[in-house]
Every structure is written in C-alpha cells, then in structure tokens.
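Chemist: Note that the protein sequences, when read in sequence, are chains A and B.
Residues in the first sequence are numbered from 1 upward in steps of one, following the numbering used here.
Residues in the second sequence are numbered from 1 upward in steps of one, following the numbering used here.
Virtual Cβ for every residue (Gly too), placed ideally from N, Cα, C.
Given the structure is predicted, the values throughout are model-derived calculations rather than measurements.
There are 2 protein chains.
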Amino acid sequence: MAPRTTQILEAAARLIARRGVRGLRVEELAAEAGVSTGLIYYHFKDRTGILRQTLEFINDRAERYTAGQVAEGAEPLAPRAELEETLLLELQDTPVIRENSTAWGELRASAVFDEALRDDLARATLVWVQEVAALLGQVQPTAPPPALAAAAERLTAQLEGLSMRWLSGGLRIDHARDLMRGAVDAELAALRGK
Amino acid sequence: MAPRTTQILEAAARLIARRGVRGLRVEELAAEAGVSTGLIYYHFKDRTGILRQTLEFINDRAERYTAGQVAEGAEPLAPRAELEETLLLELQDTPVIRENSTAWGELRASAVFDEALRDDLARATLVWVQEVAALLGQVQPTAPPPALAAAAERLTAQLEGLSMRWLSGGLRIDHARDLMRGAVDAELAALRGK
DNA sequence: GTCTATATCAGGATAGAC
DNA sequence: GTCTATCCTGATATAGAC
Chain A
1 MAPRTTQILE
11 AAARLIARRG
21 VRGLRVEELA
31 AEAGVSTGLI
41 YYHFKDRTGI
51 LRQTLEFIND
61 RAERYTAGQV
71 AEGAEPLAPR
81 AELEETLLLE
91 LQDTPVIREN
101 STAWGELRAS
111 AVFDEALRDD
121 LARATLVWVQ
131 EVAALLGQVQ
141 PTAPPPALAA
151 AAERLTAQLE
161 GLSMRWLSGG
171 LRIDHARDLM
181 RGAVDAELAA
191 LRGK
Chain B
1 MAPRTTQILE
11 AAARLIARRG
21 VRGLRVEELA
31 AEAGVSTGLI
41 YYHFKDRTGI
51 LRQTLEFIND
61 RAERYTAGQV
71 AEGAEPLAPR
81 AELEETLLLE
91 LQDTPVIREN
101 STAWGELRAS
111 AVFDEALRDD
121 LARATLVWVQ
131 EVAALLGQVQ
141 PTAPPPALAA
151 AAERLTAQLE
161 GLSMRWLSGG
171 LRIDHARDLM
181 RGAVDAELAA
191 LRGK
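This is the structure:
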C-alpha cells in the first residue's frame, strides 16, 4: 500500500475517533493528513470508499496487535489467561485502542442505516467470534461447539456494549475491565455446567 | 401538546429508525408527516430542536411501555420470568421497539462525541441498571448487592451490544433473544455460586 | 396555522495545471 | 501524484401569501 494512502487512513482513523464517522469531513481529513482534498479523491473513490477502507485498515491493525500480544509473550499463556487477555485488549485507554474501538463503534452504528457497510462488518465480526470460540474451546474442551459459539457471540457483544459505555463516558475503564472479567467467569461457569 | 406537533414527532421517530439521526432530512420529515417544511419550522426552532424533542418523545414512550408490561399482566410474573421479560422487551421486531432501540443506539453513539448528551444518557442508564439489579435481587436474594449491581451492568450492556448487532443486520432477532436468555442463565448461575 | 417559493450555504466531488 | 480552484447538489432555513 502506498505510503500516502496509509497516511490518509491513519488520519481518518484519528479523525473518526475524534468526530465520528458522521462528523468526518473530507476537507478536514485532507487537513489532518496534510494533503489536499483532490488527492483524497485520487486515492479513494468517494467518501464511502474512505470509510470502508478505514474500517479495513483498523481491522488489520487490530489483528496485528492481537497477534502481537500472543507472539510477544516469552512463555505462552495458559488458555484461560489468553482468552481474558484477548478480550481485555480492546478495553485499554491508549490512543490506538481508543481509535480502533471508537471507529468500530461508529461503523457498527452506521451499519444500522448503511447497507454498504454491513458485509464487511459481518465478516469481521465472524472472524472475531470464531477466534474467541476457539479460545473458549481450549479452556473447556468438553463443552459442545454450539455452546462455545453462543458464549463467544455473547462475550464479543458484551465487549462492544461495555466499550460503548466506556467511550460514551458512562463507565471508567478499570470498571469496564472488571465487568468484562466477570462476564468471562460467568460464561465459563455456565459452560462447565453443560 | 398540539396534535400537529405529536404527528411530526411520531414521523420523526419513524424516520430516525429508518435513516438515523444523521440521516434525518427536514424535507423528508415533512413528507413523512404529511406537512410542509415551513410548518416544521413553525413548530420547532431548528433541526436540533426537532432531534432533542424527538428523543424526549421516544424516552417517554419507552417508560410507558416498560411500566405497561408489568402493570398489564393479570397475574404477576415470577421474579425470574419478570427479569427475562424485562430484558427481552427491547429485543422485539415491532415498529415501536425498533424505533426506540434505534434511537437509543444513536444516542449512545452520539454521546461518544457530544458531551451535552452524556448526562441524560448516564441518568437513564443508571435507572435501567438499578431496575435490573432489583429484579436480580428478587431471584437471588442471598447474593451480595455489589455482585447484583455488577451483573445488572453486564446484562444491560450485553443487551445493548446484542441490540446493535441485531439492528446492524448481523444477528437475527430470534437468535439475539436466545443469546440474551443464555446471558441471564450464565449470570444467575454465577450469582448462585457466590 | 399552513403552504409555496426561494435564499443561502456546506460539503462532496471534479477539472485541469504542474 | 499532488495541488488549486471551482462546480454543483442537496439540505437548512426564511419570507410572504393565504
């Protein structure tokens, strides 16, 4: 990918975190990226194209740091710890995580009214759910796959819900993390009972 | 409130459910309400005024049907059933529920970037969390209050997460309801263990 | 109170030079 | 590839007749 494109997408991610998808102005994006509006339209088809590619960009970035988290650890984590780490990864108050979470929330909210965003979103969600289901399976190998899938859907939706509350100022990050840990506890306890 | 005003607000609620807060066009609202744009501006100060009053209108309506659900039942429900009913109330594919859920999602998403909305949102969320905590307490009277509060925060955030997935086309309503029931199961099982 | 007609403007998108 | 300048659509808001 061309460096300019990356530069613009990074700016878009920052801007979306600050103003939201709804508040993203092409002119403002140009200013943030330090380029002209004309150049934006040279690299992207239209405003929706920018949005779609930014979603992709953010997803890639999230995958990279999700993978990194596992790879970097000198000794591999226990399954239970890895599950928790993976879910808590998105509940951290750092610039990149904030950008990713905010953008994700915006895209989710926009997809309610914009058909064009739904496919990408559904695909990304599915990958995410399956990853969590696999981790759950490592913790509870005897649990039936459908139960694992359901628990994964709940935990990821739970994370999105908590994340929105955090970003909208209704929940402090530490508390959100505590609640997320509690959800993992509850789901694992329920799986054990099956 | 003047009948015309109500008529316009109802149309606005329908339209917000269909196009979102950001997609609300005054001209389209006029058409939907069967009046002229001029009349809209006769009754409301500006676009923001329409939005604010519509959200108020929707809130009132939600309170009415939440209360109604409990009052109407000939015989009072068992605590467990009442808890489930209360949570599943927002996961129904009827026009009014869709309108309310959509508006709530829009509000939550907008609050990420708009300080002005946060207080109202926080207040409404608190009431909602406390209501669920009370219901949980009726099902598990021996559980410690902080555990009830945490479970209530999780369940309401879970509901918001599932609702968004449903509205954004990533989850069918029946499946969302199943998942919500599963979450209640898991939380109650966890509370029993305390 | 309600409508029609229109002023005004923001912002997405393009043309053309370099 | 990148910039400057500009067009043009679509949407808010107002004026004035009825």
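(1) Once DSSP output is grouped into helix, strand and coil, what is the label at F57 (chain B)?
(2) Helix, strand or coil, according to DSSP, for P3 (chain B) in the structure here?
(3) Nearest by alpha-carbon distance to M1 (chain B): which of B:A17, B:F57 and B:S168 is it?
(4) Go ahead and label E187 (chain A) buried or exposed: buried means 16 or more other beta carbons lie within 10 angstroms of its beta carbon, across all protein chains shown.
(5) Buried or exposed: which applies to R123 (chain A), given that a residue is buried once 16 or more other Cβ atoms fall within 10 Å of its Cβ?
(6) Just to check my reading of the structure: A11 (chain B) and E32 (chain B) have Cβ atoms closer than 8 Å, yes? What is that Cβ distance to the nearest angstrom?
(7) Using a Cβ-Cβ cutoff of 8 Å, what residues of the region 157–168 of chain B are near chain A? List them in chain order.
(8) Hey, does D120 (chain B) have any beta-carbon neighbour from chain A nearer than 8 Å?
(9) In terms of residue numbering, what span does the alpha helix (DSSP H) encompassing R154 (chain B) cover?
(10) If you draw a straight line from the alpha carbon of A116 (chain A) to that of L126 (chain A), how long is it in whole angstroms?
(11) Quick check: the region 160–180 of chain A against the region 142–161 of chain B, are at least 3 beta-carbon pairs closer than 8 Å?
(12) For a minimum of 4 consecutive residues, which ranges assigned as the alpha helix (DSSP H) are wholly contained in the region 64–124 of chain B?
(13) Could you tell me if E106 (chain A) is buried or exposed, where buried requires 16 or more neighbouring beta carbons within 10 angstroms of its beta carbon?
(14) For A31 (chain B) and chain A, any beta-carbon pair shorter than 8 Å?
(15) Locate the alpha helix (DSSP H) running through D174 (chain B), then write down its first and last residues.
(16) Have a look at A:G182, A:A152 and A:R118 and flag the residue whose alpha-carbon is nearest the alpha-carbon of V129 (chain A).
(17) Considering only C-alpha positions, which residue in the set B:I173, B:G137 and B:D178 is nearest to D93 (chain B)?
(18) Less than 8 Å between CB atoms is the rule here; does D185 (chain A) satisfy it with respect to chain B?
(19) Using a threshold of 8 Å, state whether the C-beta atoms of L155 (chain B) and V132 (chain B) are closer than that.
(20) For a contact meaning CB atoms closer than 7 Å, what does A81 (chain A) contact in chain B?
(21) Does DSSP classify R25 (chain A) as helix, strand or coil?
(22) Taking the straight line between their C-alpha atoms, what separation do you get for E84 (chain A) and L148 (chain A)?
(23) Could you pull out every residue in the same chain whose Cβ sits closer than 8 Å to the Cβ of L24 (chain B), ignoring the five residues on either side in sequence?
(24) Can you tell me which of the three DSSP states V127 (chain B) falls into?
(25) Pick out whichever of A:G20, A:E82 and A:P3 has its Cα sitting closest to the Cα of F113 (chain B).
(26) List, in order along the chain, the chain A residues whose C-beta lies closer than 8 Å to that of T102 (chain B)?
(27) Where does V139 (chain B) fall in DSSP's three states?
Modeler: Taking the geometry as given:
(1) If DSSP states are grouped into helix, strand and coil, F57 (chain B) belongs with the helices.
(2) In the three-state reduction of the DSSP assignment, P3 (chain B) falls in the helix class.
(3) Residue nearest to M1 (chain B) within the set B:A17, B:F57 and B:S168 is B:F57 (criterion: CA-CA distance).
(4) Buried is the call here.
(5) The residue in question, R123 (chain A), is exposed, as its Cβ has fewer than 16 Cβ neighbours within 10 Å.
(6) That belief holds up - the Cβ atoms of A11 (chain B) and E32 (chain B) are roughly 4 Å apart, short of 8 Å.
(7) Those residues of the region 157–168 of chain B that come within reach of chain A (Cβ to Cβ, closer than 8 Å) are A157, Q158, L159, E160, G161, L162, M164, R165, L167 and S168.
(8) Output row for D120 (chain B): interface = no.
(9) Note, R154 (chain B): alpha helix (DSSP H), P145 to L167.
(10) Their Cα atoms are separated by approximately 17 Å.
(11) Because the criterion of three Cβ pairs below 8 Å is met, the region 142–161 of chain B and the region 160–180 of chain A touch.
(12) Runs found: 79–88 and 95–111.
(13) By the Cβ-count criterion, E106 (chain A) is buried, with 16 or more other Cβ atoms from all chains shown falling within 10 Å of its own Cβ.
(14) No, A31 (chain B) lies away from the interface with chain A (no Cβ there is under 8 Å from its Cβ).
(15) That run of the alpha helix (DSSP H) goes I173 to R192.
(16) When the alpha-carbon of V129 (chain A) is set against those of A:G182, A:A152 and A:R118, the nearest one is in A:A152.
(17) Answer by Cα proximity: B:I173.
(18) Output row for D185 (chain A): interface = yes.
(19) Cβ distance < 8 Å, so L155 (chain B) and V132 (chain B) count as in contact.
(20) The premise fails here: A81 (chain A) is roughly 19 Å from chain B at the closest Cβ pair, so nothing lies under 7 Å.
(21) In this structure, DSSP gives R25 (chain A) a state outside helix and strand, which the three-state scheme calls coil.
(22) One alpha carbon belongs to E84 (chain A), the other to L148 (chain A), and they sit about 15 Å apart.
(23) Excluding residues within five positions, the ones whose Cβ falls inside 8 Å are A12, L15, I16, R47, I50 and L51.
(24) Taken through DSSP and simplified to helix, strand or coil, V127 (chain B) comes out as helix.
(25) The option with the nearest alpha carbon to F113 (chain B) is A:G20.
(26) The contacting residues are V112.
(27) If DSSP states are grouped into helix, strand and coil, V139 (chain B) belongs with the helices.
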